[in-house]
């Protein structure tokens, strides 16, 4: 009955600075202690104090902290006094960035601070993620995250869309690209397809290199609008389009070899309007990275995951925001003119966010 | 508080038609799924120092690099400014009640607490924020805002690296801190006194 | 171009009960969403995006419920966000949804808050043993009761002010078919004689634990103009947060609360809130927060909020500033929805659709939610007329 009209954003908003820190395990550092230097680094890089920030938004999950209301303590890292205009989503920081971008579009503020973090090492991530699933009919079976992703991978292989070697190539490319990235956990110039194929499966058909290296860490992004962005950065990474969509939840209801919400979000964000120099995809498995690449219709010229992607280091609740930060950084440095960053949430790429950025 | 039945219009009017094969089967009305998730936490460096100090009957706080405010327990950050606070300070195990309540409910996992008990915000001498502690050693009705208290420690042989070394806080019998300067109001009173000192050219000798 | 005018086109609520054993979580949110759509004269396909909010995932043991609920909320192929700002979440969720319309990103947004506390163990979830800290706090009441005690000491308020608020709200709830507590035979003496839980808070002055969901459909100016029924126009919105334990913090009258109220009243040009607001829905989970918030928000002078209660100024019958005509959080408390219920009830009042608890002639209403250690605040002002 109603057509969904494509609305063009009124204000230009850009990423003007970012900070990322990812390690295998944050042993002696609390979430607050992790975020204090990162937030100060990102704000300080553009000479802003918290008093200069118009809106703050963060993303995190209680299930990683093992405590309800865990994000409340992390507010200590921001310096929230005098009181600030602030919100929080229990989602990847990429969605917190979306909320901040919306706030900037409303027009009342010119700058926003976005941060997210995840410390999954104290618990078992694969088991924690099982409680994302339908609580009545699926979660009681405790299918852990690796098993669920493996189901999808099996379907993908059997569909003929990609071979095991093809997936191993994705793993190898990630490890090669990750070399030199201080925030990558799995980086090796010597990685080979044969080496990956020789790894014993952990959740058939997934091998260790097929699954993102679990990281603890955090990410901060500072957004600014219009001329404010130009005053803060010589080369802001302008967000030309940003959109997110979700698919059905039940694993048996949709075609797990596809991610229609990713394609839809990319279309709505205008990804295909011009060539893309780089793409940062949040694919927690090689199979998911493959699905995303085909949904986005990327061509061979586009450099895939120059940071190594999520496979190289996956900070749960921040990996999507890290993709945005990595892509934005490369635009601001002049290494790229047009980039796509992606974030996902939920089992088997259920929900997807796409952010398209350009240098001026 | 008994529930009233749901009015008929509460359903969205969509009837569910079951296939014949399960029409006589008793419907499942609820599912109980136990969830167990284990987390191995390692204390931060500040927390480790704090807990070890407790083992020696010492209470540590953090001093802010911005204005010297002391936070206890030490969290490694000044939340007003979002800056690292890593200077540790030893605090006396004596202070006052900033505010309190008398709780008549048992807490999960603390069957040892006799109900009703007083939980209070303890403001240690030298600290600029409070933390929760139990107050005992007097009638609950006698507890008041501003009452001076000191820690009652476990016997030496029972000490561990934990804040539970302090069994509770008991009244010292000293004169109360005036309500206007008790608890979170102490900071304002302290700032005002410092401003007066400055105005006097530092002659007050404080 | 300024922000797009935004209207509340429809409101939907579930009946709040301690146990809604007749619906799953999905069924619960759908009940509210369908009612909101029906109220707005719309169908699922008219909704461009969904914003959902609820309290900690540990309550129901369901991590990131927007994933499971996407289907139930007609969201396949649409955007869904899940907001979490502790107890104020219902309010901040509504504000995020409002932003989407104000920014002209979407034309019609469904926003939902919910909690299925019967399928949760909130006491357990709130008492998860935290490493390295001593556990002596018995729930939210244990946290807020010392703050209330400070207010009583500072203001010199008579002891029974809290009981007056609790009795008022429970009487109001009798006029709200959706409310959880319908205490038909309750007397004021019974409120006073109820057992103390966290002295000075009695059992009778404490919010219940409820299952429930609340939904609103928000639309742009064209959608508001085209609406078959009355709409509520959003006149102002604000959110503020502050740290919860720092030197000199005023927990009784937090600066974040004052700043938030000043911001929203400033947007609307209100200089005398008591005179210019017709009806208030504020987040009062423990009775004494009514006089405390009246002061903090600016409806009463410092230390005078309790006088407004004592004089009956906040009563539905005869008060000049009725507060919580719906029965408030004291009568229904599905935590994730409670903030949104305040915002929705404010909208119902200015649409003239609050039924038996309608304030005659209400044209401007104030909705309020707070959360955390009294540190997160979300507020809005809605009106019968366009801003």
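Protein chains in written order, with our numbering: chain A, 127 to 486; chain B, 4 to 209; chain C, 61 to 447. By construction, the Cβ of each residue, glycine as well, lies at the ideal position given by its N, Cα and C atoms. Predicted model, so just to flag it, every value in this text is computed and none were measured.
Under 7 Å between C-beta atoms of residue i and residue j
{"i": "residue 143 of chain B", "j": "residue 157 of chain B", "result": "no"}
{"i": "residue 405 of chain A", "j": "residue 466 of chain A", "result": "yes"}
{"i": "residue 335 of chain A", "j": "residue 325 of chain A", "result": "yes"}
{"i": "residue 412 of chain A", "j": "residue 281 of chain A", "result": "no"}
{"i": "residue 475 of chain A", "j": "residue 385 of chain A", "result": "yes"}
{"i": "residue 298 of chain A", "j": "residue 276 of chain A", "result": "no"}
{"i": "residue 242 of chain A", "j": "residue 222 of chain A", "result": "yes"}
{"i": "residue 434 of chain A", "j": "residue 310 of chain A", "result": "yes"}
{"i": "residue 469 of chain A", "j": "residue 218 of chain A", "result": "yes"}
{"i": "residue 263 of chain C", "j": "residue 248 of chain C", "result": "no"}
{"i": "residue 199 of chain C", "j": "residue 399 of chain C", "result": "no"}
{"i": "residue 336 of chain C", "j": "residue 405 of chain C", "result": "no"}
{"i": "residue 363 of chain A", "j": "residue 457 of chain A", "result": "yes"}
{"i": "residue 389 of chain A", "j": "residue 421 of chain A", "result": "yes"}
{"i": "residue 92 of chain B", "j": "residue 114 of chain B", "result": "no"}
{"i": "residue 372 of chain A", "j": "residue 385 of chain C", "result": "no"}
{"i": "residue 338 of chain A", "j": "residue 220 of chain A", "result": "no"}
{"i": "residue 423 of chain C", "j": "residue 444 of chain C", "result": "yes"}
{"i": "residue 136 of chain B", "j": "residue 173 of chain B", "result": "no"}
Host alpha helix (DSSP H) of residue i (start-end)
{"i": "residue 89 of chain C", "result": "85-100"}
{"i": "residue 312 of chain A", "result": "No alpha helix (DSSP H) holds residue 312 of chain A; DSSP gives it neither H nor E."}
{"i": "residue 160 of chain A", "result": "157-171"}
{"i": "residue 42 of chain B", "result": "Residue 42 of chain B -> no alpha helix (DSSP H), and no H or E assigned at all."}
{"i": "residue 165 of chain C", "result": "Looking at the DSSP string, residue 165 of chain C is not in any alpha helix (DSSP H), and its letter there is neither H nor E."}
{"i": "residue 253 of chain C", "result": "248-253"}
{"i": "residue 223 of chain C", "result": "221-233"}
{"i": "residue 202 of chain C", "result": "199-215"}
N-terminal and C-terminal residue of the beta strand (DSSP E) that residue i is part of
{"i": "residue 125 of chain B", "result": "120-127"}
{"i": "residue 483 of chain A", "result": "477-484"}
{"i": "residue 426 of chain C", "result": "424-431"}
{"i": "residue 171 of chain B", "result": "169-174"}
{"i": "residue 341 of chain C", "result": "339-341"}
{"i": "residue 406 of chain A", "result": "404-406"}
{"i": "residue 241 of chain C", "result": "Residue 241 of chain C -> no beta strand (DSSP E), and no H or E assigned at all."}
{"i": "residue 365 of chain A", "result": "363-372"}
Per DSSP, the bridge partner or partners of residue i
{"i": "residue 320 of chain C", "result": "Paired residues: none, contrary to the question."}
{"i": "residue 87 of chain B", "result": "B:80"}
{"i": "residue 259 of chain C", "result": "B:105"}
{"i": "residue 298 of chain C", "result": "C:439"}
{"i": "residue 73 of chain C", "result": "C:274"}
{"i": "residue 349 of chain A", "result": "A:141 and A:238"}
{"i": "residue 62 of chain B", "result": "B:94"}
{"i": "residue 175 of chain C", "result": "C:272"}
{"i": "residue 440 of chain A", "result": "A:340"}
{"i": "residue 213 of chain A", "result": "A:183"}
{"i": "residue 468 of chain A", "result": "A:480"}
Interface partners of residue i on chain B, CB under 8 Å
{"i": "residue 173 of chain A", "result": "Correct list: empty, because the minimum Cβ distance to chain B is about 16 Å."}
Chain A residues whose Cβ lies nearer than 9 Å to that of residue i
{"i": "residue 40 of chain B", "result": "189, 192, 249, 250, 253, 254 and 257"}
Chain-ordered chain A contacts of residue i [CB-CB under 8 Å]
{"i": "residue 36 of chain B", "result": "261, 265 and 266"}
Contact list for residue i against chain C, beta-carbon separation under 7 Å
{"i": "residue 124 of chain B", "result": "206"}
Amino acids of chain B, ordered along the chain, whose beta-carbon sits closer than 7 Å to that of residue i
{"i": "residue 153 of chain A", "result": "45"}
{"i": "residue 68 of chain A", "result": "Here chain A covers residues 127 to 486 and nothing more, so residue 68 of chain A does not appear."}
{"i": "residue 307 of chain C", "result": "72, 131, 132 and 190"}
{"i": "residue 213 of chain C", "result": "148 and 182"}
Neighbour list for residue i in chain B, Cβ cutoff strictly below 9 Å
{"i": "residue 207 of chain A", "result": "82, 83 and 84"}
{"i": "residue 203 of chain A", "result": "80, 82 and 85"}
Where residue i meets chain C, residues with beta-carbon distance less than 8 Å
{"i": "residue 138 of chain B", "result": "Chain C residues near residue 138 of chain B: none, gap ~10 Å exceeds 8 Å."}
8 Å Cβ cut-off: residues of chain D touching residue i
{"i": "residue 210 of chain C", "result": "Reference to chain D is not applicable here, since the protein chains of this structure are A, B and C."}
ask   = What residues in the region 77-90 of chain B bring their beta carbon closer than 9 Å to a beta carbon of chain A?
value = 78, 79, 80, 81, 82, 83, 84, 85, 86 and 87
**Item:** Short-range partners of chain B found in the region 310-323 of chain C, where Cβ spacing is below 8 Å
**Value:** From the region 310-323 of chain C, only 310 and 311 have a Cβ closer than 8 Å to chain B.
Quiz item: Got a sec: which bits of the region 38-66 of chain B sit with their beta carbon under 7 Å from any beta carbon on chain C, in order along the chain?
Solution: Flagged, chain order: 38, 44, 46, 50 and 54.
Q: Could you name the residues of the region 296-314 of chain A whose beta carbon sits closer than 9 Å to any beta carbon of chain C, in the order they occur along the chain?
A: none
Check: What residues in the region 214-242 of chain A bring their beta carbon closer than 8 Å to a beta carbon of chain C?
Finding: 214, 215, 216, 217, 221, 224, 225, 228, 229, 231, 232, 233 and 234
ask   = Using a beta-carbon distance cut-off of less than 8 Å, what residues from the region 251-282 of chain C approach chain A?
value = none
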